[in-house]
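A.B. asks: Once you know that position 306 of the sequence shown is 306 in our numbering, the rest is easy, because the numbers rise by one and skip nothing.
Just so you know, even glycine gets a beta-carbon here, dropped at the ideal spot from N, CA and C.
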Amino acid sequence: MNKIHLEWEEFSQQDWEDCLNKIPRSNAFHDWDMAEILTNEFNNGLERCLIKRGNKIIGLAQLYNVPKLKILTHRKLIRGPIFSKPPMPDELMDILLKIKQRKSLLKGYMTDLMPELPDSEAVNRELSKNGLHKVLRGYQSIWIDLRKSEDDLRKDLHSKWRNQLSKAEHENLDFMEDANAEDWLLQHVTDQQNTIGYDAMPPAVYFKLPDSKKMVVSIQHNQEPCAAVLIQLHGQSATYQLSFADETGKKLNAMNLLLWKSILHLKNRRINNFDLGGIEPEKNPGLARFKERMGGESFTLAGNFT
Numbered sequence: 001m002n003k004i005h006l007e008w009e010e011f012s013q014q015d016w017e018d019c020l021n022k023i024p025r026s027n028a029f030h031d032w033d034m035a036e037i038l039t040n041e042f043n044n045g046l047e048r049c050l051i052k053r054g055n056k057i058i059g060l061a062q063l064y065n066v067p068k069l070k071i072l073t074h075r076k077l078i079r080g081p082i083f084s085k086p087p088m089p090d091e092l093m094d095i096l097l098k099i100k101q102r103k104s105l106l107k108g109y110m111t112d113l114m115p116e117l118p119d120s121e122a123v124n125r126e127l128s129k130n131g132l133h134k135v136l137r138g139y140q141s142i143w144i145d146l147r148k149s150e151d152d153l154r155k156d157l158h159s160k161w162r163n164q165l166s167k168a169e170h171e172n173l174d175f176m177e178d179a180n181a182e183d184w185l186l187q188h189v190t191d192q193q194n195t196i197g198y199d200a201m202p203p204a205v206y207f208k209l210p211d212s213k214k215m216v217v218s219i220q221h222n223q224e225p226c227a228a229v230l231i232q233l234h235g236q237s238a239t240y241q242l243s244f245a246d247e248t249g250k251k252l253n254a255m256n257l258l259l260w261k262s263i264l265h266l267k268n269r270r271i272n273n274f275d276l277g278g279i280e281p282e283k284n285p286g287l288a289r290f291k292e293r294m295g296g297e298s299f300t301l302a303g304n305f306t
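(1) Which of helix, strand or coil does DSSP assign to T306?
(2) Just the Cα atoms here: how many angstroms apart are D15 and E280?
(3) Let me know the secondary structure DSSP gives F175 once reduced to three states.
(4) DSSP on L223, reduced to helix/strand/coil?
(5) Here's a check: name, in chain order, each residue in its chain whose Cβ is nearer than 7 angstroms to the Cβ of E182, leaving out the five neighbours to either side.
(6) Which partner residues does T73 have in the DSSP bridge list?
(7) How big is the Cα-Cα spacing for E9 and C19?
(8) If you drop the 5 nearest sequence neighbours on each side, which residues of the same chain put their C-beta closer than 6 angstroms to that of E171?
(9) Taking 8 angstroms as the limit between beta carbons, can you name the residues of its chain near A35, skipping five residues before and five after?
(10) Tell me the DSSP bridge mates of F290?
(11) Across the stretch 238-257 and the stretch 66-83, are there enough close Cβ pairs to call them in contact, namely three or more that are closer than 8 angstroms?
(12) Inspect the beta-carbon positions of H5 and K52 and report whether they are closer than 7 angstroms.
(13) Return yes when the Cβ of M110 is within less than 7 angstroms of the Cβ of H74, no when it is not.
(14) CA-CA distance, N43 and K68?
(15) Look at the Cβ atom of A168, then the Cβ atom of L257, and state whether they are nearer than 7 angstroms.
(16) So, with DSSP's three-state summary, where would you put G80?
(17) Quick test of your reading: V189 and E41, contact by CB under 8 angstroms. State the CB separation rounded to the nearest angstrom.
(18) Is DSSP giving M255 helix, strand or coil here?
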């Protein structure tokens with residue numbers, strides 16, 4: 001068997017995109033364009049590597065380098081590496097250790113790994129055995145498998161969610177994909193973030209993605225938006241990033257109709273897997289329950305390790 005090795009930096013965006021398009025469930029943090037936007041927005045550094053078996057690319061890893069206190073750089077591998085063909089467990093552990101050891105603390109680098117691995121006793125034990133220490137709990141979210149038929153996806157919906165969708169379908173609501181929805185959504189999510197003061201990515205970052213990497217759609221009532229969502233596209237997958245519904249939209253269950261229509265729209269664009277963008281059952285139980293009732297596959301990642 002050919003050994004796995006890591007190739008740092010010396011490759012094209014096309015090489016990266018070709019591999020990303022073969023990964024069944026990729027994530028937003030491994031999108032090339034998103035990384036470029038974040039690097040420019042926050043003046044961070046960036047490391048990329050292709051993971052190869054022989055001459056064949058089988059995976060990707062993208063690290064964000066955040067300066068700390070002028071003397072330290074925090075290297076963050078977020079939800080990676082990701083693979084078109086998963087390596088053996090011992091190979092994956094070797095890859096993680098090589099990524100961590102590439103730049104050492106003695107040279108001013110602190111590395112934080114958030115692997116795309118499930119939160120299980122076996123995974124946590126293996127990471128700990130190899131000297132990695134858990135510092136934060138893992139990301140929680142839900143995957144919706146868009147390869148299912150429309151009928152099966154609808155059957156998977158919780159009865160209450162499906163009833164709200166049915167009510168919305170009988171209202172005077174239109175599903176739209178047009179540039180006007182971008183301005184409406186950006187304004188509302190920015191105002192909401194400023195008012196509530198929650199810690200999140202500045203909404204404007206997502207609107208800087210190229211058109212091929214984002215889908216902004218809305219529900220309109222009387223020719224005016226009442227709900228909108230921005231979904232990031234990356235390879236075969238997509239991630240729910242931003243949304244807003246005004247009082248009219250909430251009253252008419254517009255978000256149910258919007259996400260259902262978005263699912264069908266993504267299927268038509270040959271997207272196979274839809275990440276609902278994270279859930280926090282303790283901090284935001286209402287939103288978590290809304291997403292859970294969409295009937296997807298819940299998952300929790302192992303967490304952050306140093």
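C.D. replies: This is what the structure gives:
(1) In the structure shown, T306 sits in coil (DSSP, three-state: anything other than H, G, I, E or B).
(2) Using only the alpha carbons, I get a separation of about 35 angstroms.
(3) The answer is strand: DSSP assigns F175 an E or B state.
(4) For the record, residue 223 in the displayed sequence is Gln; it is not Leu. Residue state, collapsed to three classes: coil.
(5) The answer, listed in chain order, is F207, V216.
(6) Answer is P67, Y109.
(7) Near 15 angstroms, if we compare the C-alpha coordinates of C19 and E9.
(8) If you ignore the 5 residues before and after E171, its C-beta comes within less than 6 angstroms of the C-beta of L252, all in its own chain and listed in chain order.
(9) Hits under 8 angstroms: F29, L46, R48, Q62, Y64.
(10) None; F290 has no bridge partner.
(11) Touching, no.
(12) In this structure, K52 lies closer than 7 angstroms to H5 by Cβ.
(13) Yes, Cβ-Cβ distance for H74 and M110 is below 7 angstroms.
(14) The straight-line gap separating the alpha-carbon atoms of N43 and K68 is approximately 12 angstroms.
(15) Contact flag set, yes.
(16) The answer is coil: DSSP assigns G80 none of H, G, I, E or B.
(17) About 16 angstroms; that fails the 8 angstroms criterion.
(18) In the structure shown, M255 falls within a helical segment according to DSSP collapsed to helix, strand and coil.
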